[in-house]
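Residue numbers (the working numbering): 33 to 538. Using N, Cα and C, we set each Cβ at its ideal position, and we do this for glycine too.
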Amino acid sequence: MSINTSPPSGTRDFLPADLARRRHLEGVIRRVYESFGFVALETPAFENLSTLLGKYGDEGDQLLFRLLHRRDKLARALQEPGVGEKDLADLGLRYDLTVPLARVIANAKDLPRFFKRYQIQPVWRADRPGKGRYREFWQCDIDITGTTSLVAEAEVCGAVVRVFEELGVRDITIALNHRQLLRCLIQAAGLPPAQEETALVAIDKLDKIGLDGVRKEFTTRGIEATAGERLLTLITRPPEGSSPSPAGPRPPTSPAIEGKGPADGEAGAQLPPTADHRAATADHRAAARADHRAEVAELDRLAGLLADVPEAAGPLAQLRELLDIAAGSAAGPYLRIDATLARGLGYYTGPIFEIRSPAFRGSLGGGGRYDGLIGMFKGTAIPAVGFSIGFERLLLVMEERGLFGSVSWGPDVLLCRFPDVAPADALRTASALRQAGLKVEVFPETPKIGKQFAYAESIKVKLAAILGATEAQEGKLSVKHLGTGEQLTLPLAAAIARLREWSKAG
RNA sequence: GAGAGAGUAGCACAAUGGCAGUGCACUAGACUGUGGAUCUAGCUGUUGCGGGUUCAAGUCCCGUCUCUCUCCCCA
Numbered sequence: 033m034s035i036n037t038s039p040p041s042g043t044r045d046f047l048p049a050d051l052a053r054r055r056h057l058e059g060v061i062r063r064v065y066e067s068f069g070f071v072a073l074e075t076p077a078f079e080n081l082s083t084l085l086g087k088y089g090d091e092g093d094q095l096l097f098r099l100l101h102r103r104d105k106l107a108r109a110l111q112e113p114g115v116g117e118k119d120l121a122d123l124g125l126r127y128d129l130t131v132p133l134a135r136v137i138a139n140a141k142d143l144p145r146f147f148k149r150y151q152i153q154p155v156w157r158a159d160r161p162g163k164g165r166y167r168e169f170w171q172c173d174i175d176i177t178g179t180t181s182l183v184a185e186a187e188v189c190g191a192v193v194r195v196f197e198e199l200g201v202r203d204i205t206i207a208l209n210h211r212q213l214l215r216c217l218i219q220a221a222g223l224p225p226a227q228e229e230t231a232l233v234a235i236d237k238l239d240k241i242g243l244d245g246v247r248k249e250f251t252t253r254g255i256e257a258t259a260g261e262r263l264l265t266l267i268t269r270p271p272e273g274s275s276p277s278p279a280g281p282r283p284p285t286s287p288a289i290e291g292k293g294p295a296d297g298e299a300g301a302q303l304p305p306t307a308d309h310r311a312a313t314a315d316h317r318a319a320a321r322a323d324h325r326a327e328v329a330e331l332d333r334l335a336g337l338l339a340d341v342p343e344a345a346g347p348l349a350q351l352r353e354l355l356d357i358a359a360g361s362a363a364g365p366y367l368r369i370d371a372t373l374a375r376g377l378g379y380y381t382g383p384i385f386e387i388r389s390p391a392f393r394g395s396l397g398g399g400g401r402y403d404g405l406i407g408m409f410k411g412t413a414i415p416a417v418g419f420s421i422g423f424e425r426l427l428l429v430m431e432e433r434g435l436f437g438s439v440s441w442g443p444d445v446l447l448c449r450f451p452d453v454a455p456a457d458a459l460r461t462a463s464a465l466r467q468a469g470l471k472v473e474v475f476p477e478t479p480k481i482g483k484q485f486a487y488a489e490s491i492k493v494k495l496a497a498i499l500g501a502t503e504a505q506e507g508k509l510s511v512k513h514l515g516t517g518e519q520l521t522l523p524l525a526a527a528i529a530r531l532r533e534w535s536k537a538g
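Next up, the structure:
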């Protein structure tokens, strides 16, 4: 009788090779976020259910992992008449990193007025796993609280863009929309406010299922045909040729990435970026800068259509201002107005964004302004805006494109020992190597030395230190480079120096 | 939540309803202070699980579990 040893579906074990890549990626993200002045925060894996419920919309509530009451409390709850699912749990695994942040802001006393935090932690969703989709996955969030200034939007978008640029994933766009603008569009199309949510969900799928698909969706969800058609006309962006944009087809694609297969993957993987990388990025930005005008034109088009809706003026002005501000940030060239962008989460109130790339079906991350969320925990409302990168999806894209290059991990040296040397002497030698900064594994047994070398190869260790009676008596150590076969017997200090030299050379 | 496909050794895969196999990996030896190549030998199985049809089931049927893909939804 054996039990299933694979981790639960939608979760993964991370073996050393996986972790080497994950840590590398996380390090880049951390560094970029910190360069924008964000500071680290971590929160518990689980929260009170009341903290989580009602923040993400109905769909989100459904997907919350709930934790049952413990012990007696569960037994008592089960005995209550008419007990329902909701009465059995009081805690839930965090569903995202934004709601826990909002709770922290509402709870904490002496945070800076503008709290800029980043948070890289797992979140859990009781969802069905698929490609690039897990039940446990990592998000990399940045948020700025305490200001309504659109500088905050530009900064979070800029930081996210810098992460992608650093990693060599440049064929991205940031779709940009505004929750209030969406509401106005739906209103202008003549849809009743009750159908707002339904309509949002349907049009959010436009880029996946196409116009006809959305029409079908409208019908099945009981949205009146003429109003639906009006809405589609409002949100559909005219083809590029009819706009005054001098730019080429979009989304802008860097020549360095175009047609790139996994085979020639190393370029752009190294950090800091190479001169080529910088040049490619600069070209890309220059090309994309011309598109700024196209985005303004799209806003003009929407403004024209919404001339009769006074509530639309505010959000339109905000998007315009955001485009202007972002022109000075890394995000500028990547922003693209997309009136079909809706975003699933319930708490957004202002500008909303989503990172897209041809490399992945679905988004690589998203965010937006949520000025009401913190107020749900605290009497006074505190404005906030944030952006989240989907860690595993970014990782997936990088793996598919071979952008990791060679990320090394594991020990530098395997200390091999002949049977005529006491284990204690081997450990003393290992200590000396470790004090010199080398990562040293001691082979625990004493089979034939060749077997020990073979083991070193199998764990990708290139250097061997060999300790036998001969060396031990003379205070020496043999060192061998398993790649070249070069071997020397040297006094301990010289042997260490040689190992460090080899190790540095990679 | 809906639909389709797949489960055979650690991994990759074979086997017309008729003896469960091949490659890689692993272990040992050729080679007792020197690995990678080669050769030789060896090890690896409740064919996901439970039932049914059959003289006979990895193979056909039913159920179930798991995984993959598509849809839904999302990061």
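Anticipated Cβ contact below 8 Å, GLU594 with LEU354, distance rounded: Outside the modelled stretch of the chain, which goes from 33 to 538, sits residue 594, for which no answer is possible.
Any alpha helix (DSSP H) of 4 or more consecutive residues that is wholly inside the segment 339 to 407: 345 to 358
CA nearest to the CA of LYS492, picked from SER463, LEU446, TYR88 and ILE481: LEU446
Secondary structure of ILE204, DSSP reduced to three states: coil
Per DSSP, cross-strand counterpart(s) of TRP170: PRO154
For THR381 and GLN212, the rounded distance between their alpha carbons: 7 Å
According to DSSP, residues forming a beta bridge with GLY162: ARG165
Straight-line Cα distance separating VAL131 from ALA109: 27 Å
The segment 461 to 475 / the segment 220 to 235 touching (three or more Cβ pairs under 8 Å): no
First through last residue of the beta strand (DSSP E) which encompasses ARG98: 98 to 100
Element boundaries [alpha helix (DSSP H), containing LYS483]: 481 to 490
THR179, DSSP secondary structure in three states: coil
Burial state of PRO383, where buried means 16 or more other Cβ atoms lie within 10 Å: buried
Rounded C-alpha distance that separates ARG269 from LEU367: 15 Å
C-alpha distance - LYS170 paired with ALA525, whole-angstrom precision: What sits at residue 170 in the sequence shown is Trp, not Lys. The alpha-carbon atoms of TRP170 and ALA525 are separated by roughly 44 Å.
As assigned by DSSP and simplified to three states, the class of GLU473: strand
Sheet register partners of GLU79 (DSSP bridge): GLY124
Range of the contiguous alpha helix (DSSP H) that encloses PHE423: 423 to 432
Secondary structure of GLY411, DSSP reduced to three states: coil
For LEU99 and LEU545, believed in contact at Cβ under 8 Å, the rounded distance: Given that the chain is displayed from residue 33 to residue 538, the structure contains no residue 545 and the question cannot be resolved.
Residues of its chain near PRO154, where Cβ-Cβ distance is below 6 Å and the 5 sequence neighbours each way are ignored: GLU168 and TRP170
Range covered by the beta strand (DSSP E) that runs through LYS508: 508 to 513
Inter-residue spacing [alpha-carbon to alpha-carbon] between LEU182 and LEU405: 18 Å
Residues bridged to ALA497 (per DSSP): LEU447 and VAL511
Where the beta strand (DSSP E) containing THR43 begins and where it ends: No beta strand (DSSP E) holds THR43; DSSP gives it neither H nor E.
Helix, strand or coil at ALA416 according to DSSP, with G and I counted as helix: strand
Given 8 Å, three or more beta-carbon pairs between the segment 155 to 167 and the segment 39 to 49: yes
Beta strand (DSSP E) segment containing GLN519, residue limits: 519 to 523
Range of the contiguous alpha helix (DSSP H) that encloses ILE267: 257 to 267
Three-state secondary structure (DSSP) of ALA326: helix
Inter-residue spacing [alpha-carbon to alpha-carbon] between LEU73 and ALA140: 12 Å
Element boundaries [alpha helix (DSSP H), containing LYS237]: From DSSP, LYS237 is part of no alpha helix (DSSP H); its letter is neither H nor E.
Rounded C-alpha distance that separates ASP444 from ASP159: 41 Å
SER490, buried or exposed, once every other Cβ within 10 Å from all chains shown has been counted against 16: exposed
Where LYS87 sits in the DSSP three-state scheme: coil
Cβ neighbours of THR478 in the same chain (closer than 7 Å, five flanking residues each side left out): ARG449, PHE450 and PRO451
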